[in-house]
Structures are given as structure tokens and as C-alpha cells.
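Participant: Quick one: structure below, then a few questions.
Protein chains: 2
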Amino acid sequence: MDARRVRALIARTPALSAENLQALLAAAGGELEGSLAAPLVRHADLPNAARAFLTAPDEIAVDTDLAWLDTSGAAILLSTDPQYPPLLREIAAAPPALYVLGSVEALAAPQLAMVGSRNPTPAGRSTAHEFAAWFARAGLTVTSGLATGIDAASHAGALEGGGATVAVCATGLDRVYPAEHAALAARIRARGALVSEFPPRTAPLRRHFPQRNRIISGLSLGTLVVEAARHSGSLITARLAGEAGREVFAIPGSIHSPVSRGCHQLIKQGAKLVDEASDVISELRISVPKEQLRTPHTEPARAVALDNEYEMLLDALGFAPATIDSLVARTHLPSASVASMLLILELEGRVAALPGGRYGRIP
Amino acid sequence: MDARRVRALIARTPALSAENLQALLAAAGGELEGSLAAPLVRHADLPNAARAFLTAPDEIAVDTDLAWLDTSGAAILLSTDPQYPPLLREIAAAPPALYVLGSVEALAAPQLAMVGSRNPTPAGRSTAHEFAAWFARAGLTVTSGLATGIDAASHAGALEGGGATVAVCATGLDRVYPAEHAALAARIRARGALVSEFPPRTAPLRRHFPQRNRIISGLSLGTLVVEAARHSGSLITARLAGEAGREVFAIPGSIHSPVSRGCHQLIKQGAKLVDEASDVISELRISVPKEQLRTPHTEPARAVALDNEYEMLLDALGFAPATIDSLVARTHLPSASVASMLLILELEGRVAALPGGRYGRIP
């Protein structure tokens, strides 16, 4: 059996664990092509469903998968592959296989999961977008679930911030759920990755969503819940993050807002309250070496120096309106940095964009 | 010297500590009347200002104090009195004397301090009012500082909940600061107490406020900060509560609301997040008899029904602009309630005020 077919078979095997796969590979002397040989499978300690499938595989399904892999350009990443994301390997019930559309490398980059309500407030949606753009600029990949609401705003914000973003799907990657996110999914694929442990043609079954959530939190250094009602799926993601020893962050809101109740519950249970994007970076800085925040194709992590640079920029701005060019001359910061810092300061209500491309400080 | 005059003298003595007073009383063999005898004062270990005053007291000031005590009915409570509040006695720099208008017993009841911004949002003010009423029904005395904003709303809410409330003032009790709270002060006196460590005719000096705050937190099992900006005086009260080993609670809010930033800062530093009044009770491990939460002369806790009323109003509003009158007709809520609910919804970004006195829902 050729390597491509072996990988497609493994990825479609029900009930197989990463440990099972590791044992099969070891029994085959490290040769993946030989790991599904009949005598090996017969003697391996496997769940019944996995053994039954591997003994008599659904060849038509596998053929169809292979055809889709060809046309779509999707890759299969196995837990025994060296490129498999190291943080994901650590979790309980790590998936033995992932289908990936886009950049496999994106899965190993330092990631922050951002999740939340499918019915957020307008303010929550815009917070997700702004924070995600900020994290992207700080060099973090934003990982989420492609759902409507907070998920979509987080992906879109990360893209706008010039960063990578990973969407973990609860369906096969031959479809986009929800369908209206097809354009967003295409952008995510181009600048990050779409990932699923579910084989092609898997429909969005309800029980797949919590299962999928463990991959979102498992890929990530921490999980930030932006807005969530009580009993929402985002709280499952947060719980799984905590169980995997990852940081859990939550953004507070009005006590009268139902989609803040879940966040408040998390904070009561020990999640870190986040009211500025930089809170996440300073909390994660403990576990993220600075170099990791500085991947080659992103600007150097501004997060650490951020406060000083912002103060400097505000000082340079004074209280008379100025253009970006004159601020670049005054601060010696790159003009792209000045522009994005002004955007953040504008979002924070500290500067205002004025006619003629000038910016003014708000006292 | 008669007992009344001795107490008035002690209360007016500058720089005297509760420990100094305790030592003087012990040296006088437990006889308060003898504790200010010249030989005792001469040999006692006293701050210079205290010794100077006790050696040559301002008799005119003391006479004026005594006249005021007579006409106002105020009492002086010394730290050596058995009725002195036990929790207050525990703190560093416990006041040796308190002037009290109203019920001295109220000071020994289980208290919760509620403090916050003098410029709260309407939602914050109404939260303070509702929570204080709930605490009152739960049998807690609400202690605050009689300031405008959160303080006043907390006192008023406690009174409306049928409970007692204590106002700790930063002026002499012969005046009310701010003056517009004269009616509120009279109600507090009738159903609780006004307290000050400052002698009559003390003006509201700026430095008195942080000093006063230690008494608010010192009297209380815990301190709840409802809304507070960064660097606000309420954070001083919270810090003093923490230093005295008392619980610190804070109510979260929108990350875009400046008067929630102080609360968020407290939560980051370890304060308990409170989004329901009952959180405070369960944290303080106070058992509340159910009947107390449902006293005959108060309506059942509105907090529970609140969300429903807001939902009803939003449903009634639909997505076509409507006037307050038409909303009153649709919901059968009082027009004052509709108006204030709309205001809150507007602040939460859920409705917008439109020309012609109409309101529109923000999708």
C-alpha cells in the first residue's frame, strides 16, 4: 500500500488514538507503510471499531478521500509526523490525524485561542476584532472555530492585523460550516490553516463541536473567551484549556449582559480577567520565549516595548494635530508602526483622525 | 472633671491613638474620669500634639462640642467602650473615638461596605441601589461614605430594602457633606448611624477622605466596589480592606467604561468578581434565612425579574423606532421605568435615541 493511501486510511479509522498509532508505527519498526499490515493490526491493542475498520476498510470512502485530497490540495498530518503541533500532542485524546488546508507550519506557531458567543453584542464583536488584530501584530496566531459571531470576528481581526489564523472545523474540510463563511475560510486558508480531525463528507453534527473544541484549546498557549453566555460551548473550550494546563482568559462586561455571564463565571473560577489585549501577552510572556513572538515574516514583537512606544508617540503628538510623516520624523519609528499605533490609540479613544490625514490627541 | 467632659476632651485630642487611650485608662486603674489627670498625662508615652492638647486643652472648643452634643443628641464612642465595634478595633490605626448620630448598636451589626465613583453610569447607580436593597433584605447593614454617586445610591438602596445603613463622614457631624444629602443623612440617622472621627466644625478637607475610608472598610466584613475609575478613592478603601484581612469584591463592567477600569484592576489583583448580590453572601459565609430575603414590605428582589423586563421592552421595541408612550402602551410598564430602562439600554449600546423622541433597537 502506498504512503498516501496509508495516511488516508489512518485518518479515517474510527476510535483510533494517537497512542494506538504510535504503537502500530513502533511495531512496524518506524515504517508507516508497514504499520497497517494485517498481522500487526491483528495483534495490536486496538479499540474494536478501529480493528474492524482496518481489517476491512471502506475502500470506496478512502478512494473518494484520496480524490478530494488531490483536488483540494489538503494534507493529512499524523500525530507521528515531526510537524505535528507539539502543544496539541500534549493533550489527553490528541487526534491521531488532522486534515489541513493551508499552511501546516501555522499549526506549530504560538497560538492564542479566541472563542465566544455566536450571538455577541456589537461591542463584543468589535472587541474580538480589535484584540485579534492586536495579537496578530504582536506575532500571535489566532485560533478559533469559524463559527458566526466571536469566532468569525477573531479570524477576521487577525487577518486585518496582518497575522496568521487557524480555524478548527467540526465538519469535513470539503465543506464550510456555516456556508456563509466560505470567503472567510478562503482567506484563512491563504494566510493560515483550516483544520479538522473529521474526514471529508462529515456533516456538522452537534456532538462534534465540543470534541472539536479540545483541538482549539490544545493548539493554543491560552484561550481567551470574549463573550459567552452561561452553559455556552466556549466554556467547554475554556475548561479543556484549563485541564490541559493552559491559560484561560476572559473579558468582563456588564452584569446585565447575558453574554458576559459565562465570562464572569470563568473569572470566578480562576480565569484571568482581560481588559486590555496586552494583559494576555504579559501573562503568556512567562511561557513564551521572546524569539517565538518574532517569527521571520512578522514584524518584531512590539508587545513588550508597547507602553513606552505608545507614550513616546503620544508625547510626540502633543496636543496639536500632526501627520503620520511628521510623527515618523519625531519618533524615528517605522511609518507602518506609527500608523497601526495610531489606529489602536484611536480605538482606545486617545487620538482622533482629523481631516487632511492628521491626528489629534484627545485630552 | 465629669465623664461627659472627659469623653469630649479625648475625642478632640489630636494624634491620640486607641493604644494611647488604652494605656491612659489602664494607668488610671480603669477609671475613665481619672485617665486625663495631669500626672498621668505627664508620664504617659504620648505623641507631642496629644500631650500638648491634654496639658492645656482648648476649653472653649470643648464647651462648644458639649453644647452641640446636647442639642444634636450625638454620642461619643471610645475605643475603650464595650460597645465599640469589634471589627473596627482590629484594624491598624483604629480611631480612639467616634462621634455617632443615630444607633450605636448599628455599628456592631454585620456590615458590608459599598463604595464607588462619584460619577457613576446610570447602570452603576441602579446596580448599587438594587444590590444594597438585596443586602438589606439579607440582613446586612450597608456602610458607605455619604458621597454623591455610588455611596448615596447604596445608602438609599439599603433604606429601601428595609435595612440599616451606616454613613462614615469625613467632616464633623454638625454638618452634612455634600449639603444636598441632608435629607438622606436624616433617614440614615433614623435607621442606622452617621459616624465620624472628626470633631464638630471639621470642614471636608481633602486629606480626610482617605483617612475616613479606613473606617468604612474597618467596620465591614468586606468591601464591594461598584464602579470606580483607576486611581479613585474607592481603590484606597479596597486596599485598606485587603490589608485588614477583609474580603474585597468588585463588580465588572464594559472594558470601554472608564468607571469599570478600577474594578477590573481590583479583580486582577485578587478581588472577588461579583455579578450577583448573592455572590457576596456566599463568599462571606453568612447564612441568610429565606424569610429575610422576602420581607413583607419589599417587593421580591427585582434583580431576578430585571432581565425579563428588559427583554420584554426590547421585544416591544422590535426593530421599528417607537416613542416612550407607545412602549408604555405595549408593555404596561410605568413610563418612568420605560424611560430609565431605555437610558440603560442606550448606554449598553442596545438602543439608540432618534430624532422626534423615538428609540430604535440596534441590531
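From first to last, the protein sequence lines stand for chains A and B. Per the working numbering, the very first residue in the first sequence carries number 1; after that it's consecutive. Per the working numbering, the very first residue in the second sequence carries number 1001; after that it's consecutive. For glycine and all other residues, C-beta sits at the position ideal for the given N, C-alpha and C. No experiment lies behind these values; they were computed from the predicted model shown.
Could you tell me which chain A residues have their CB closer than 9 Å to the CB of residue 1376(B), listed as they occur along the chain?
Facilitator: Since the first residue shown for chain B is 1001 and the last is 1363, residue 1376(B) is missing from the structure and cannot be characterised.
Participant: Among the residues of its own chain, which have a CB less than 8 Å from the CB of residue 8(A), if the five just before and after it don't count?
Facilitator: Translated into positions along the first sequence, residue 8(A) becomes position 8. Excluding positions up to five away in sequence, the list reads 62, 65, 66, 69, 76.
Participant: In angstroms, rounded to a whole number, what distance separates the CA positions of residue 1108(B) and residue 1083(B)?
Facilitator: As a first step, residue 1108(B) is located in the second sequence; it is residue number 108 there, counting from the start. As a first step, residue 1083(B) is located in the second sequence; it is residue number 83 there, counting from the start. So the two alpha carbons sit approximately 7 Å from each other.
Participant: DSSP on residue 219(A), reduced to helix/strand/coil?
Facilitator: In the first sequence, counting from the first residue as 1, residue 219(A) sits at position 219. Note: residue 219(A) maps to helix in three-state DSSP.
Participant: Short check: CB of residue 1168(B) to CB of residue 1215(B), under 8 Å?
Facilitator: To locate residue 1168(B), count along the second sequence from 1; it is residue 168. To locate residue 1215(B), count along the second sequence from 1; it is residue 215. Yes, they are a contact pair.
Participant: For residue 262(A), decide whether its Cβ has a neighbour in chain B, counting only Cβ atoms nearer than 8 Å.
Facilitator: To locate residue 262(A), count along the first sequence from 1; it is residue 262. No, no contact with chain B.
Participant: Quick one: list the residues of chain B neighbouring residue 173(A), beta-carbon separation under 7 Å, in chain order.
Facilitator: By 1-based counting over the first sequence, the position of residue 173(A) is 173. In chain order: nothing, as chain B lies at least about 32 Å away.
Participant: May I ask you to verify whether the region 1176-1185 of chain B touches the region 1121-1138 of chain B, counting CB pairs closer than 8 Å and requiring at least 3?
Facilitator: No, because fewer than three Cβ pairs between the region 1176-1185 of chain B and the region 1121-1138 of chain B fall closer than 8 Å, the two stretches do not touch.
Participant: Measuring from the CB of residue 144(A), is there a heavy atom of the ligand HEM at a distance below 7 Å?
Facilitator: Annotation note on the ligand HEM: not contained in the displayed structure, which lists no ligands.
Participant: Tell me residue 1131(B)'s beta-bridge partners as DSSP assigns them.
Facilitator: Along the second sequence, one-based indexing puts residue 1131(B) at 131. Paired residues: none, contrary to the question.
Participant: For residue 1360(B), which beta-bridge partners are listed by DSSP?
Facilitator: Along the second sequence, read from residue 1 onward, the residue named residue 1360(B) stands at position 360. Residue 1360(B) pairs with 1352(B).
Participant: Out of 1032(B), 1021(B), 1031(B), which has the shortest C-alpha to C-alpha gap to residue 1051(B)?
Facilitator: One-based indexing of the second sequence puts residue 1051(B) at position 51. Measuring from the Cα of residue 1051(B), the nearest candidate turns out to be 1021(B).
Participant: Flag this pair as yes or no: are the beta carbons of residue 1145(B) and residue 1115(B) separated by less than 8 Å?
Facilitator: One-based indexing of the second sequence puts residue 1145(B) at position 145. One-based indexing of the second sequence puts residue 1115(B) at position 115. Yes, the pair counts as a contact, with Cβ atoms nearer than the cut-off.
Participant: If I follow the unbroken alpha helix (DSSP H) through residue 41(A), where does it start and stop?
Facilitator: Counting from one through the first sequence, the residue named residue 41(A) turns up at place 41. 38-43 is the span of the alpha helix (DSSP H), which, as asked, contains residue 41(A).
Participant: Could you tell me if residue 58(A) is buried or exposed, where buried requires 16 or more neighbouring beta carbons within 10 angstroms of its beta carbon?
Facilitator: What you label residue 58(A) is simply residue 58 of the first sequence in a count that begins at 1. Per the 10 Å Cβ criterion, exposed.
Participant: Give the secondary structure of residue 10(A) by DSSP, where H, G and I count as helix, E and B as strand, and everything else as coil.
Facilitator: For the purposes of this step, residue 10(A) is identified with residue 10 of the first sequence, where counting begins at 1. Helix.
Participant: Check the Cβ-Cβ distances between residue 1302(B) and every residue of chain A, and say whether any is below 8 Å.
Facilitator: Here residue 1302(B) corresponds to residue number 302 of the second sequence, with the count starting at 1. Low per-residue confidence applies at residue 1302(B): pLDDT is 34, beneath 50, and the placement is therefore not dependable, though the value from the model is reported in the following sentence. Closer than 8 Å: no.
Participant: Between 262(A), 197(A), 198(A), which has its C-alpha nearest residue 224(A)'s C-alpha?
Facilitator: As a position in the first sequence, residue 224(A) is number 224, starting the count at 1. Cα-wise, what sits closest to residue 224(A) is 262(A).
Participant: Between which two residues does the beta strand (DSSP E) harbouring residue 75(A) extend?
Facilitator: Here the question's residue 75(A) lines up with position 75 in the first sequence. That run of the beta strand (DSSP E) goes 75-78.
Participant: Check whether the region 1198-1206 of chain B touches the region 1241-1255 of chain B, counting contact only when three or more Cβ pairs, one atom from each stretch, lie closer than 8 Å.
Facilitator: No, the region 1198-1206 of chain B does not touch the region 1241-1255 of chain B.
Participant: Taking residue 1019(B) as part of the alpha helix (DSSP H), name the residues at either end of that continuous run.
Facilitator: If you number the second sequence from 1, residue 1019(B) lands on position 19. Where residue 1019(B) is concerned, the enclosing alpha helix (DSSP H) stretches over 1018-1027.
Participant: Residue 1264(B): buried (16+ other C-beta within 10 angstroms of its C-beta) or exposed?
Facilitator: If you number the second sequence from 1, residue 1264(B) lands on position 264. With 16 or more Cβ atoms within 10 Å of its Cβ, residue 1264(B) is classed as buried.
Participant: Excluding the 5 residues preceding and the 5 following residue 156(A) in the sequence, name in chain order all residues of the same chain whose CB lies nearer than 7 Å to its CB.
Facilitator: Your numbering for residue 156(A) matches position 156 in the first sequence. Around residue 156(A): 129, 184.
Participant: Between residue 1093(B) and residue 260(A), what straight-line distance do the alpha-carbon atoms span, to the nearest angstrom?
Facilitator: As a first step, residue 1093(B) must be located in the second sequence, where it is residue number 93. As a first step, residue 260(A) must be located in the first sequence, where it is residue number 260. The alpha-carbon atoms of residue 1093(B) and residue 260(A) are separated by roughly 40 Å.
Participant: Might you give, ordered along the chain, the residues of its own chain that have their beta carbon closer than 6 Å to the beta carbon of residue 1210(B), omitting 5 neighbours on each side?
Facilitator: For the purposes of this step, residue 1210(B) is identified with residue 210 of the second sequence, where counting begins at 1. Correct list, in chain order: 1236.
Participant: What does DSSP give as the partner residue(s) for residue 1240(B) in the beta ladder?
Facilitator: Indexing the second sequence from 1 puts residue 1240(B) at position 240. None; residue 1240(B) has no bridge partner.
Participant: Select from 222(A), 229(A), 277(A), 135(A) the residue whose C-alpha is nearest the C-alpha of residue 395(A).
Facilitator: Any answer about residue 395(A) is impossible in this case: the structure gives chain A only from 1 up to 363.
Participant: Quick one: list the residues of chain B neighbouring residue 353(A), beta-carbon separation under 9 Å, in chain order.
Facilitator: In the first sequence, the residue the question calls residue 353(A) occupies position 353. Near residue 353(A) there are no residues of chain B at all, since even the closest Cβ is about 18 Å away, more than 9 Å.
Participant: Bridge partners of residue 1114(B), per DSSP?
Facilitator: Locating residue 1114(B) in the second sequence gives position 114, where the first residue counts as 1. In DSSP, residue 1114(B) forms a bridge with 1224(B).
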